(Lines of atoms letter the chains of each structure in order from A; the text may use other names.)
(Lines give C-alpha, C1' and ligand atoms only; values in the text may rest on other atoms or scores of the structure.)
Protein backbone atom coordinates (compact mmCIF):
# COMPACT_ATOMS: atom_id res chain seq x y z
CA UNK A 1 0.00 0.00 0.00
CA UNK A 2 1.35 3.42 -0.80
CA UNK A 3 -0.94 6.39 -1.04
CA UNK A 4 -0.11 9.47 -3.03
CA UNK A 5 -2.36 11.92 -1.19
CA UNK A 6 -0.60 15.12 -0.21
CA UNK A 7 -1.36 17.30 2.76
CA UNK A 8 0.00 19.86 5.13
CA UNK A 9 -1.12 20.98 8.58
CA UNK A 10 -0.14 24.45 9.72
CA UNK A 11 -0.99 27.00 12.38
CA UNK A 12 -2.18 30.21 10.77
CA UNK A 13 -4.78 32.97 10.71
CA UNK A 14 -7.95 31.80 8.95
CA UNK A 15 -10.79 34.29 8.50
CA UNK A 16 -9.62 36.29 11.51
CA UNK A 17 -8.89 33.39 13.87
CA UNK A 18 -5.75 31.51 14.82
CA UNK A 19 -6.33 27.91 13.75
CA UNK A 20 -4.83 24.59 12.75
CA UNK A 21 -5.45 24.23 9.03
CA UNK A 22 -5.26 21.10 6.90
CA UNK A 23 -4.80 21.61 3.18
CA UNK A 24 -3.93 19.29 0.34
CA UNK A 25 -5.35 16.76 -2.07
CA UNK A 26 -6.77 13.31 -1.40
CA UNK A 27 -5.94 10.76 -4.08
CA UNK A 28 -7.26 7.21 -4.20
CA UNK A 29 -4.48 6.15 -6.59
CA UNK A 30 -2.11 3.40 -5.52
CA UNK A 31 -4.18 2.25 -2.52
CA UNK A 32 -4.32 5.63 -0.82
CA UNK A 33 -7.17 7.85 0.11
CA UNK A 34 -6.73 10.12 3.15
CA UNK A 35 -4.89 12.94 4.91
CA UNK A 36 -5.44 14.02 8.49
CA UNK A 37 -4.51 16.30 11.35
CA UNK A 38 -4.94 15.23 14.96
CA UNK A 39 -4.81 16.72 18.44
CA UNK A 40 -3.86 14.94 21.65
CA UNK A 41 -6.33 15.54 24.45
CA UNK A 42 -4.82 15.95 27.91
CA UNK A 43 -8.09 16.62 29.77
CA UNK A 44 -10.24 14.01 31.48
CA UNK A 45 -13.54 13.88 29.59
CA UNK A 46 -15.36 11.96 32.34
CA UNK A 47 -18.78 13.45 32.86
CA UNK A 48 -18.74 15.17 29.47
CA UNK A 49 -21.35 14.36 26.84
CA UNK A 50 -19.61 15.56 23.72
CA UNK A 51 -17.26 17.91 21.90
CA UNK A 52 -17.65 21.32 20.32
CA UNK A 53 -15.39 22.25 17.43
CA UNK A 54 -15.03 25.63 15.75
CA UNK A 55 -14.53 24.79 12.07
CA UNK A 56 -14.22 26.59 8.75
CA UNK A 57 -13.43 25.19 5.35
CA UNK A 58 -14.35 24.64 1.74
CA UNK A 59 -17.82 23.13 2.15
CA UNK A 60 -16.57 19.54 1.89
CA UNK A 61 -17.43 16.58 4.10
CA UNK A 62 -14.80 15.46 6.61
CA UNK A 63 -14.57 12.78 9.28
CA UNK A 64 -14.08 13.42 12.97
CA UNK A 65 -12.29 10.44 14.52
CA UNK A 66 -11.81 10.00 18.23
CA UNK A 67 -9.41 7.53 19.78
CA UNK A 68 -9.38 6.15 23.30
CA UNK A 69 -6.75 4.30 25.29
CA UNK A 70 -8.69 1.08 24.67
CA UNK A 71 -8.10 1.20 20.90
CA UNK A 72 -4.87 -0.57 19.99
CA UNK A 73 -4.98 -0.68 16.18
CA UNK A 74 -4.31 2.38 14.01
CA UNK A 75 -7.50 1.85 11.98
CA UNK A 76 -9.84 1.72 15.00
CA UNK A 77 -11.79 4.81 16.02
CA UNK A 78 -15.10 6.29 17.07
CA UNK A 79 -16.28 8.53 14.26
CA UNK A 80 -18.80 10.81 12.69
CA UNK A 81 -18.88 13.13 9.71
CA UNK A 82 -19.27 16.89 9.41
CA UNK A 83 -19.31 19.59 6.77
CA UNK A 84 -16.74 22.39 7.02
CA UNK A 85 -18.68 25.51 5.95
CA UNK A 86 -17.00 28.56 4.43
CA UNK A 87 -17.56 30.67 7.57
CA UNK A 88 -16.62 29.86 11.16
CA UNK A 89 -19.22 27.56 12.66
CA UNK A 90 -19.40 25.69 15.96
CA UNK A 91 -20.39 22.07 15.54
CA UNK A 92 -21.50 19.96 18.48
CA UNK A 93 -20.77 16.24 18.47
CA UNK A 94 -22.58 14.27 21.18
CA UNK A 95 -20.53 11.23 22.15
CA UNK A 96 -23.65 9.05 21.86
CA UNK A 97 -23.75 9.72 18.09
CA UNK A 98 -20.26 8.31 17.45
CA UNK A 99 -19.98 5.12 15.43
CA UNK A 100 -17.48 2.51 16.56
CA UNK A 101 -15.24 1.57 13.63
CA UNK A 102 -13.54 -1.83 13.52
CA UNK A 103 -13.79 -2.30 17.27
CA UNK A 104 -16.17 -3.99 19.67
CA UNK A 105 -15.22 -1.54 22.41
CA UNK A 106 -17.78 0.90 23.76
CA UNK A 107 -16.89 4.58 23.83
CA UNK A 108 -15.75 5.68 27.29
CA UNK A 109 -15.18 9.43 27.58
CA UNK A 110 -12.74 8.94 30.47
CA UNK A 111 -10.42 7.16 28.01
CA UNK A 112 -10.55 9.82 25.26
CA UNK A 113 -7.02 10.77 24.19
CA UNK A 114 -7.00 11.96 20.57
CA UNK A 115 -9.22 13.93 18.20
CA UNK A 116 -8.56 13.76 14.46
CA UNK A 117 -9.97 15.55 11.44
CA UNK A 118 -9.68 13.33 8.38
CA UNK A 119 -10.20 13.94 4.66
CA UNK A 120 -10.87 10.45 3.35
CA UNK A 121 -12.27 8.07 0.80
CA UNK A 122 -12.61 10.11 -2.38
CA UNK A 123 -10.54 12.44 -4.50
CA UNK A 124 -10.95 16.08 -3.53
CA UNK A 125 -9.17 19.30 -2.57
CA UNK A 126 -8.85 19.63 1.20
CA UNK A 127 -9.14 22.88 3.14
CA UNK A 128 -10.40 22.65 6.71
CA UNK A 129 -9.44 24.66 9.79
CA UNK A 130 -10.14 24.17 13.50
CA UNK A 131 -9.81 27.12 15.88
CA UNK A 132 -11.21 25.50 19.01
CA UNK A 133 -12.00 22.12 20.55
CA UNK A 134 -13.99 21.98 23.79
CA UNK A 135 -15.46 19.25 25.95
CA UNK A 136 -19.12 19.80 26.81
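Residue numbers (full-length UniProt numbering): 1 to 136. Positions of the beta carbon are idealized from the N, C-alpha and C atoms, including for glycine. Here the structure is a predicted model, which is why all the values come from computation and not from measurement.
**Prompt:** Would a C-beta distance cut-off of 8 Å place residue 129 and residue 62 closer than the cut-off?
**Reply:** In the chain shown, residue 129 corresponds to position 129, counting from 1. In the chain shown, residue 62 corresponds to position 62, counting from 1. In this structure, residue 62 does not lie closer than 8 Å to residue 129 by Cβ.
**Prompt:** What residue from 55, 44 and 4 has the CA that sits closest to residue 117's CA?
**Reply:** Along the chain shown, one-based indexing puts residue 117 at 117. Among 55, 44 and 4, the Cα nearest to that of residue 117 belongs to 55.
**Asked** In terms of residues, what are the limits of the beta strand (DSSP E) holding residue 56?
**Response** Translated into positions along the chain shown, residue 56 becomes position 56. Per DSSP, residue 56 belongs to the beta strand (DSSP E) from 50 to 57.
**Residue nearest to residue 39 in terms of C-alpha spacing, selected from 81, 124, 112 and 33** = By 1-based counting over the chain shown, the position of residue 39 is 39. Looking at 81, 124, 112 and 33, the one whose alpha-carbon comes closest to that of residue 39 is 112.
**Message:** Quick check: the region 90 to 99 against the region 41 to 59, are at least 3 beta-carbon pairs closer than 8 Å?
**Reply:** yes
**Message:** Suppose the cutoff is 6 Å on Cβ atoms and the five residues either side in sequence are ignored; what does the same chain contact list for residue 132 look like?
**Reply:** Within the chain shown, residue 132 is the residue found at index 132, counting from 1. Around residue 132: 54.
**Request:** Verify whether the separation of the beta carbon atoms of residue 88 and residue 9 is less than 8 Å.
**Result:** Against the chain shown, residue 88 aligns to sequence position 88. Against the chain shown, residue 9 aligns to sequence position 9. Cβ atoms of residue 88 and residue 9: not closer than 8 Å.
**Asked** DSSP three-state call for residue 33: helix, strand or coil?
**Response** Reading the chain shown from its first residue, position 33 is the one you call residue 33. Coil, per DSSP.
**Request:** Answer with buried or exposed for residue 67, where buried requires no fewer than 16 other C-beta atoms within 10 angstroms of its C-beta.
**Result:** By one-based count along the chain shown, residue 67 stands at place 67. Buried is the call here.
**Distance CB(residue 124)-CB(residue 4) smaller than 8 Å** = Position 124 of the chain shown, counted from the start, is the residue given in the question as residue 124. Position 4 of the chain shown, counted from the start, is the residue given in the question as residue 4. Taking 8 Å as the Cβ cut-off, residue 124 and residue 4 do not qualify as a contacting pair.
**Request:** Within the same chain, show all residues whose beta-carbon is closer than 7 Å to that of residue 1, passing over the 5 residues directly before and after it, in chain order.
**Result:** Position 1 of the chain shown, counted from the first residue, corresponds to residue 1. Since pLDDT at residue 1 reaches only 40, below the 50 mark, its modelled position is unreliable, and no value is offered.
**Asked** If you follow the beta strand (DSSP E) that residue 82 is part of, which residue opens it and which one closes it?
**Response** Sequence index remark: in the chain shown, residue 82 carries index 82 (1-based). That run of the beta strand (DSSP E) goes 77 to 83.
**Asked** Cβ atoms of residue 28 and residue 122: under 8 Å apart, would you say?
**Response** One-based indexing of the chain shown puts residue 122 at position 122. One-based indexing of the chain shown puts residue 28 at position 28. Contact flag set, yes.
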